[in-house]
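*Asks:* Protein chains in written order, with this note's numbering: chain A, 1 to 87; chain B, 1001 to 1904. Backbone N, C-alpha and C define an ideal beta-carbon position, used for all residues, glycine too. Note that the coordinates shown come from a computational prediction; the quantities given were computed from them, not determined experimentally.
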Amino acid sequence: MLTSKASEYVYLERRRYRTRRIIEALKVLPVLGIVLFGVPLLWSEGVKTSDAMIYFFSVWLALVFAAVWLARRLGAGAVEKSLETDN
Amino acid sequence: MTPLNLLVLVCLSYVVLLFLVAFAAERAALRGRGAWMSQPLVYTLSLSVYCTAWTFYGAVGNAARSGLEYLTIYLGPTIVMVGWWWVLRKLVRIGRSQRITSVADLISSRFGKSNLLAVCVTLLAVIGTTPYIALQLQSVTLSFAAFAEAGGLDARVAGSNATAIWVASGLTLFTIVFGTRNLDVNERHYGVVMAIAVEAVVKLCALLAVGIFVVWGVSGGVSETLQRIDASAIGTAEIHGGRWAALTFLSGAAFLCLPRMFQVLVVENEDESHLQTASWAFPVYVMLISLFVIPIAVVGLQTLPEGSNPDLFVLTVPLSQGRDGLAILSFLGGFSSATSMVIVAAIALSTMVSNHIVMPIWVRMTGGGASMSGDVRNVVLLARRLAIAGVVFLGYLYFSLSGGGAALTSIGLVSFAGVVQVLPAMLGGIFWRGATRMGALSGLLIGFLIWLFTLFLPSFAGGVFLPETVVQFGLFGLDWLRPQALFGFEGLDPLVHAVLLSMSINTLVFVLVSLITLPSPLEQLQGAQFVNVYQHSTQQKSWSGGVAQSEDLMVMAQRILGASEAQALFQSAATRQGVSGYLPEPSEEFLAELEREMAGSVGAATAHAMVGQIIGGTPVSVHDLMAVADETAQMKVYSSELEIKSQELALTALQLRNANAKLTQLSVQKDAFLSQISHELRTPMSSIRAFSEILRGVEVLSPQEQVRYASIIQEETIRLTRLLDDLLDLSVLENGQVSLNLSTGSLSDLMDHSVAMARVGRDAAAMQIHRNSADERIWLYTDLDRLNQVFLNLIVNAHKYCDAAEPKLQIIVRQSAQQLTIDFIDNGTGISYENQNLIFEKFSRIGGHKSGGAGLGLAISREILQRLQGDVIYLPGQNGAAFRIRLPESVIGGAARADMSSTD
């Protein structure tokens, strides 16, 4: 009885820990987006448009996948859960 | 059938379809079967109202001119959506908990519900959006003309104002029908949202279809297309750092600030979790929208004759390839983009105009009294409808006056730069408690002016509003006031220049003025509610009306009754409830009153439904609201509560101390009494014992001696018996077991008897007793024996304790209407103040035990008088010990008889 309680507690703690890390990742994601979309500003002249397109759409796709993954990991009740982490 | 006629037919069918979709959605929502519409997908698709005809057609045009730069328009919103946790989530939560209806409402609510701010934001939004609506009308007209040209007709005929008028009228009709169908408290429009979602699918499909046709149909595959791109005029990616950054920022900011985006993002949001899905689904949508832009532009540039309008490549490429069906789909895509933008923008603007401009003016003009009659609801709806028509008409006017020239194509970004002036106030408002109304107002105005001067006015070619000389040499000939090099910032792209200057000065002024000005209490309250929105609301509660009902009621009542009436109503209710401020407890009385007031304006049924909608949830106390109040206010509440509590504690402590002192005193008295009584008992007992031993032990005793000893023993036993009788008497009196023996007698007889008894065994000359026999001629109906006991006790006490050289006792009888008082006043030293309260306590004896009493006399007297509905008190300040007996008037049984007997 005691051990099952303990394991449940640990499980909950871990989930909350995960949620917080996911929220942190969510916060970092736009910063990452700004940096990656800003990279072309450093390009010297003469990059082919097709290469640039491939770069942009790859970054774009990567951001989308990251967002999908994080949204899924966060789960449906995320907004309520977040109450503990928002101060 | 010519392509043009077919186009008109398809177009009309499409419009009918949209009407049907919207109508079905409204009906389903009305019947509570709208769950399938509350899908995150619908929400995401409705966000696509961001992609207007300007982006549908213009993105390709932009790509044909400047390569990849068109991407920035989508990258900004992508970053904002991906970073939803930062800003959007908070905006949506605030929008839901505060029932925000527009971006102007947000700003005004945050800064103390300032209508001036709301008016400023509304004007800015109207000025910024009107050219944009014109742009949509132009795009539809141009695309129509392109079809007419392909069909061999005169492009001028089809491209004339007639098309624009038809489109504008149709849009106005649709928006009025579905945008102002009802005056929903939540300001949601299911029909419109559904139609927008359908249009979103249509425009995405159209663009994808053209793109797929171009890549696989014309170019022959992906790799061939890429080669074609590199070989074209835009084959080299030239990225201008400044413009790139400015445009990305601008599009991201506009995504938040544009009235139509705020409408779909925040106001129409059904469920916060939809944002979670939209955070990736919307980026996917815009990515797909922008995927084929470059290929279409490149193919257009290569296959169409020199000088073709690149803005229409999406349409003209399929047309030139003979794909009429694809062209019609593409036209529908453009049409969808244009119409959805106009519809949502018109709804958003009409809400702002009617709520913040028309209604305040109307309320003021009608006298604004609480007694105003008429259906405010109808007035609001009429105002909205007129505002919608007005906004669309303004757009049309702009379009026809500007001639639909090339000047319009640049207006999209100009418009963006105008509306993002709201951004500092918006972000500052939701993240910074210190932001004030004055700060927001001054930042907004400064930013607006700079935008107007540096970007908006110069955007009109040919010096319509701003003479060429001003552009070249500056305002008033001042060099540093040149619109495109303000304060000497030269060499920048005009757009970058305007965005950089207006935004930075706007933000700077906003922050500085906020720092030096003080917010009003309402501003502070709103600021706390906005900035700390997560601590004070949870999702379900806020929308079912559980968190801040009084606040919600206030918001609603203000919309119906007008701000000042509603505030006066709430304040008076709060005052009646003893609550300070504007927010009374939502008690039943108050709700009924509010409902009545509102029923006078919108009808009883509506008022009841509206109040019920808000009060549906759990009751909320003002304490909850207080929790969100300013920290200083909280501190004040706490400290005043503490003060009250400490006062209470001090009072209680004082009472406890007094009680303790009395208990200690009584305990001392009891100890003293016990030692006294044991002494009193021991003295007679020891003499009884001594004399009885003598009588028994000594054989030879004279009869005289025997009699003397026996009488001593008898006296001592009498003393003992008297003591025990007193104790018994007191306990009987205290337990209320005594039965009164009521009889009639004269007071003077009673007093004679008492005096005589007191003098038994005493020297009659030892104390003079002064009496007034005339006053004593009163007949009493009471327990005469008990009363006699009291008199006797008082007279004996005077005998015992009066320490004057010539003791005197004065007995004064006074009769008034209510009572009979008898004062016993001697000429001794009296009783000290601290002992005055104690003398009536049991066992209390003043002045040691020389008198030999047990200290029960006064206690017994008081008990007796209380049984007789009277009282005995110590009368201070009479130059001696003075006791006053008070008897009720009822004991005066037979005054007439007393008179009669005295005359006998």
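For Q1878/B, name the three-state secondary structure that DSSP assigns.
*Replies:* Here Q1878/B sits in coil by DSSP.
*Asks:* Would you give the residue range spanned by the alpha helix (DSSP H) that S1746/B belongs to?
*Replies:* Per DSSP, S1746/B belongs to no alpha helix (DSSP H); it is in the beta strand (DSSP E), S1743 to S1746.
*Asks:* Mind checking if P1283/B is an interface residue toward chain A, Cβ cutoff 9 Å exclusive?
*Replies:* P1283/B counts as touching chain A.
*Asks:* For a test of the three-state rule: what should DSSP assign to H1770/B, helix, strand or coil?
*Replies:* Three-state DSSP puts H1770/B in a strand.
*Asks:* With DSSP as the reference, identify every bridge partner of A1197/B, one or two as the case may be.
*Replies:* Per DSSP, none; premise fails for A1197/B.
*Asks:* Measuring only the C-alpha atoms, how far is R1110/B from Q1421/B?
*Replies:* If you take the alpha carbons of R1110/B and Q1421/B, they lie about 16 Å apart.
*Asks:* For R1786/B, which residues from the same chain have a beta carbon less than 6 Å from its beta carbon, with the 5 sequence-adjacent residues on both sides left out?
*Replies:* Same-chain partners within the cutoff: I1864.
*Asks:* Using only CA atoms, which one of R16/A, L36/A and I23/A lies nearest to E59/A?
*Replies:* Reading off the sequence, residue 59/A comes out as Val, not Glu. Cα-wise, what sits closest to V59/A is L36/A.
*Asks:* Using beta carbons (cut-off 9 Å, strictly below), is T49/A in contact with chain B?
*Replies:* Chain B, which has a Cβ nearer than 9 Å to the Cβ of T49/A, makes this yes.
*Asks:* Could you give the residue range of the alpha helix (DSSP H) that holds I1176/B?
*Replies:* Here the alpha helix (DSSP H) through I1176/B covers N1161 to G1179.
*Asks:* Is it buried or exposed for K1090/B, if we count other Cβ within 10 angstroms and need 16 for buried?
*Replies:* By the neighbour-count rule (16 or more Cβ atoms within 10 Å), K1090/B is buried.
*Asks:* CA-CA distance, S1320/B and T1072/B?
*Replies:* Their backbone Cα atoms lie some 29 Å apart in a straight line.
*Asks:* In whole angstroms, give me the CA-to-CA distance for V1016/B and V1010/B.
*Replies:* Roughly 10 Å between the two C-alpha positions.
*Asks:* Just to confirm, is the Cβ distance from N1355/B to A1104/B under 9 Å?
*Replies:* Taking 9 Å as the Cβ cut-off, N1355/B and A1104/B qualify as a contacting pair.
*Asks:* Three-state secondary structure (DSSP) at K1645/B?
*Replies:* Helix, per DSSP.
*Asks:* Tell me whether I1094/B sits in a helix, a strand or coil according to DSSP, three-state version.
*Replies:* It is helical.
*Asks:* For a test of the three-state rule: what should DSSP assign to L1004/B, helix, strand or coil?
*Replies:* Of the three classes helix, strand and coil, the one that applies to L1004/B here is helix, per DSSP.
*Asks:* Given a cut-off of 9 Å on the beta-carbon distance, is the pair A52/A and L1068/B in contact?
*Replies:* Yes, they are a contact pair.
*Asks:* In chain C, which residues lie less than 8 Å from A71/A when you measure between Cβ atoms?
*Replies:* Protein chains A and B are contained in the structure displayed, whereas chain C is not.
*Asks:* Identify, in the order they occur along the chain, each residue of the same chain with its Cβ nearer than 7 Å to the Cβ of R1719/B, setting aside the five sequence neighbours on each side.
*Replies:* Once the five neighbours on either side are set aside, the close Cβ partners of R1719/B are P1684.
*Asks:* Curious, which full-length alpha helix (DSSP H) runs of at least 4 residues does the segment 1306-1347 of chain B contain?
*Replies:* Qualifying alpha helix (DSSP H) stretches, in chain order: 1313-1320.
*Asks:* Is the beta carbon of L1730/B closer than 9 Å to that of I1778/B?
*Replies:* No, they are not a contact pair.
*Asks:* Over what stretch of residues does the beta strand (DSSP E) that includes L1820/B continue unbroken?
*Replies:* Taken as a continuous stretch (DSSP letters only), the beta strand (DSSP E) holding L1820/B covers Q1819 to D1826.
*Asks:* What is the DSSP secondary structure of Y1057/B, counted as helix, strand or coil?
*Replies:* In the structure shown, Y1057/B sits in coil (DSSP, three-state: anything other than H, G, I, E or B).
*Asks:* Between P1040/B and the rest of its own chain, which residues show a CB-CB distance below 6 Å, the 5 nearest in sequence each way excluded?
*Replies:* Within the same chain, P1040/B has close Cβ partners H1274 and T1277.
*Asks:* Give me, in chain order, the residues of the same chain whose beta-carbon lies closer than 6 Å to that of N1132/B; leave out the 5 immediate sequence neighbours on both sides.
*Replies:* According to the sequence provided, residue 1132/B is Tyr. The question's Asn does not apply to it. Counting only Cβ-Cβ distances below 6 Å, and skipping sequence neighbours, we find S1415.
*Asks:* Helix, strand or coil, according to DSSP, for W1779/B in the structure here?
*Replies:* Strand at W1779/B.
*Asks:* List the residues of chain B that V68/A touches, going by C-beta distances under 7 Å, in chain order.
*Replies:* Result: W1280.
*Asks:* Look at the alpha carbon of S1102/B and the alpha carbon of A1425/B, and state the distance between them as a whole number of angstroms.
*Replies:* One C-alpha to the other measures close to 14 Å.
*Asks:* Is there a Cβ from chain A that is less than 9 Å from the Cβ of T1248/B?
*Replies:* Yes - at least one Cβ of chain A is within 9 Å of the one on T1248/B.
*Asks:* Could you name the residues of chain B that V64/A contacts, counting a contact when the two beta carbons are closer than 9 Å?
*Replies:* Those within 9 Å of V64/A in chain B are T1078, V1082, W1280, A1281, P1283, V1284 and M1287.
*Asks:* With 9 Å set as the bound, which would you pick, yes or no: does the beta-carbon of E1928/B sit closer than that to a beta-carbon of chain A?
*Replies:* Outside the displayed range of chain B (1001 to 1904) lies residue 1928/B, so it cannot be described from this structure.
*Asks:* Where does the unbroken alpha helix (DSSP H) through Q1039/B begin, and where does it stop?
*Replies:* Element bounds for Q1039/B: n/a, residue is neither H nor E.
*Asks:* Taking all protein chains shown into account, decide if P1283/B is buried (16 or more other Cβ within 10 angstroms of its Cβ) or exposed.
*Replies:* Looking at its Cβ environment, which holds 16 or more other Cβ atoms inside 10 Å, P1283/B is buried.
*Asks:* CA-CA distance, S1108/B and L1006/B?
*Replies:* So the alpha carbons of these two residues sit roughly 49 Å apart.
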